[in-house]
Amino acid sequence: MPEIPELEAIRGYFNEFASGKRIVEATTRIPVVFRSGAKALSAGLAGKTLGEVTRHGKFLLVAVEPGHVMAINPMLTGRFQFVPGETKLRAKTCLVLRLEGSERELRYSDERLMGKIYLLEAGQLSLIPNWDAGGPDLMDPSLDEDAWVERIKKYRGQIKGVLTKAEFVQGIGNAYADEILWEAKINPYRPRTRLSEEQLRELFRAARAVMTWATPLVRDSMVKDGVLDYEERRDFMHVHRLGGKPCPRCGHTISELTPNQRVTSFCRNCQPEN
Ligand SMILES: [Zn+2]
Numbered sequence: 007m008p009e010i011p012e013l014e015a016i017r018g019y020f021n022e023f024a025s026g027k028r029i030v031e032a033t034t035r036i037p038v039v040f041r042s043g044a045k046a047l048s049a050g051l052a053g054k055t056l057g058e059v060t061r062h063g064k065f066l067l068v069a070v071e072p073g074h075v076m077a078i079n080p081m082l083t084g085r086f087q088f089v090p091g092e093t094k095l096r097a098k099t100c101l102v103l104r105l106e107g108s109e110r111e112l113r114y115s116d117e118r119l120m121g122k123i124y125l126l127e128a129g130q131l132s133l134i135p136n137w138d139a140g141g142p143d144l145m146d147p148s149l150d151e152d153a154w155v156e157r158i159k160k161y162r163g164q165i166k167g168v169l170t171k172a173e174f175v176q177g178i179g180n181a182y183a184d185e186i187l188w189e190a191k192i193n194p195y196r197p198r199t200r201l202s203e204e205q206l207r208e209l210f211r212a213a214r215a216v217m218t219w220a221t222p223l224v225r226d227s228m229v230k231d232g233v234l235d236y237e238e239r240r241d242f243m244h245v246h247r248l249g250g251k252p253c254p255r256c257g258h259t260i261s262e263l264t265p266n267q268r269v270t271s272f273c274r275n276c277q278p279e280n
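Numbering-wise (this note's numbering), the sequence shown opens with residue 7 and increments by one.
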């Protein structure tokens, strides 16, 4: 699942290579992901210009000028490409944008077709279901350490579940939650109510640090010779999906549990239960 580092890397790339370009043609190939209508989207994009790309939680927000925004939540398997037009289409390619003065096409594919794409008038993002129910983005500058502590104290339950709850904070998914907890040396199953104030603060610092550290690594892995071809690659991680391997900090064997098919990886030595 793309999380903050993947989306930030894609955002930075689009702003560098695609913003300011006029859309010559927009082709919607698989309608199910277009939540505001496939025909309306292709008609609404053609002839418009791609503006600045921003991000909110797991949504990429692409300004479509004048006056619109395309909001994309890639969910589990949404992938972006910015590749030469002759590149073979990936299976499940949903959207293809041809851009003026560019040999390359901007494409969105989605193996499980769970992603959601909306084209809305600027300022109408609250029409997206649950948009207003979400908490602040993890990287939102107004979310400082004190605000984080105040918010997190409203939640009970295991700390990993709290970190991935969009009502608390947006942008942390299953993989980076494992990395953040490892960084902060906190056991993923510890109830939030049993964490000290200092541990809650450490979690905030770890969350920001992990995302900041991972973003350029992700970008390097998805951009080759200026071409964006994103397949999920996370071989730089310290614990996530590394069960059975040695912890890079202490050498203890990493544990991996998969209740409900959600992988949780952690080091029982660095992240003890008590
Ligand atoms: Zn360890």
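Here a beta-carbon is modelled for each residue, glycine too, at the ideal position from N, C-alpha and C.
Is residue i close to ligand 1? I mean its beta-carbon at under 7 Å from any heavy atom of the ligand.
i, result
"asparagine 180", "no"
"arginine 255", "yes"
"asparagine 275", "yes"
"histidine 258", "yes"
Report the rounded CA-to-CA distance for residue i versus residue j, giving the unit in angstroms.
i, j, result
"alanine 97", "glutamate 117", "7 Å"
"isoleucine 77", "alanine 172", "Here the sequence assigns alanine to residue 77, which means isoleucine is not the residue at that position. Approximately 17 Å between the Cα atoms of the pair."
"threonine 264", "asparagine 193", "15 Å"
"isoleucine 134", "arginine 28", "26 Å"
"leucine 66", "leucine 13", "7 Å"
"aspartate 235", "leucine 131", "28 Å"
"glycine 26", "arginine 268", "40 Å"
"cysteine 276", "valine 75", "44 Å"
"phenylalanine 20", "asparagine 280", "45 Å"
"arginine 157", "arginine 17", "27 Å"
"phenylalanine 174", "glycine 73", "30 Å"
"arginine 211", "glycine 129", "32 Å"
"asparagine 79", "glycine 121", "6 Å"
"aspartate 143", "histidine 258", "34 Å"
"tyrosine 124", "phenylalanine 40", "6 Å"
"serine 42", "leucine 126", "8 Å"
"tyrosine 169", "isoleucine 178", "At residue 169 the sequence reads leucine, which differs from the tyrosine that was named. Whole-angstrom Cα-Cα distance: 7 Å."
"aspartate 150", "proline 11", "19 Å"
"leucine 256", "glutamate 238", "A small correction: the amino acid at residue 256 is cysteine; leucine does not occupy that position in the sequence shown. Near 27 Å, if we compare the C-alpha coordinates of glutamate 238 and cysteine 256."
Thinking C-alpha only, which one of the options is nearest residue i?
i, options, result
"methionine 145", "Val39, Trp219, Leu223", "Trp219"
"glutamate 9", "Gly84, Phe20, Lys159, Glu151", "Gly84"
"arginine 104", "Glu31, Leu51, Lys54, Lys159", "Glu31"
"glutamate 106", "Ile260, Lys54, Ser202, Ser261", "Lys54"
"aspartate 241", "Trp137, Asp226, Gly257, Thr199", "Asp226"
"glycine 140", "Gly63, Val168, Leu95", "Gly63"
"glutamine 205", "Ala52, Cys256, Lys159", "Lys159"
"serine 202", "Asp231, Val224, Ile165, Asn180", "Ile165"
"alanine 24", "Gly57, Arg214, Ala15, Ala52", "Gly57"
"arginine 162", "Arg196, Glu189, Val59", "Arg196"
"tryptophan 137", "Cys256, Gln176, Ala213, Ser48", "Gln176"
"histidine 246", "Arg207, Pro147, Cys273, Cys256", "Cys273"
"tryptophan 154", "Asp184, Ser271, Arg239, Arg207", "Arg207"
I think residue i touches residue j, with their Cβ atoms under 8 Å apart; what is that distance to the nearest whole Å?
i, j, result
"methionine 217", "tyrosine 182", "7 Å"
"proline 37", "alanine 44", "4 Å"
"valine 102", "glutamate 92", "With a Cβ gap of about 13 Å, valine 102 and glutamate 92 do not count as contacting."
"phenylalanine 86", "tyrosine 114", "6 Å"
"proline 254", "histidine 244", "5 Å"
"cysteine 100", "threonine 199", "At roughly 43 Å, the Cβ-Cβ gap does not stay under 8 Å, so cysteine 100 and threonine 199 are not in contact."
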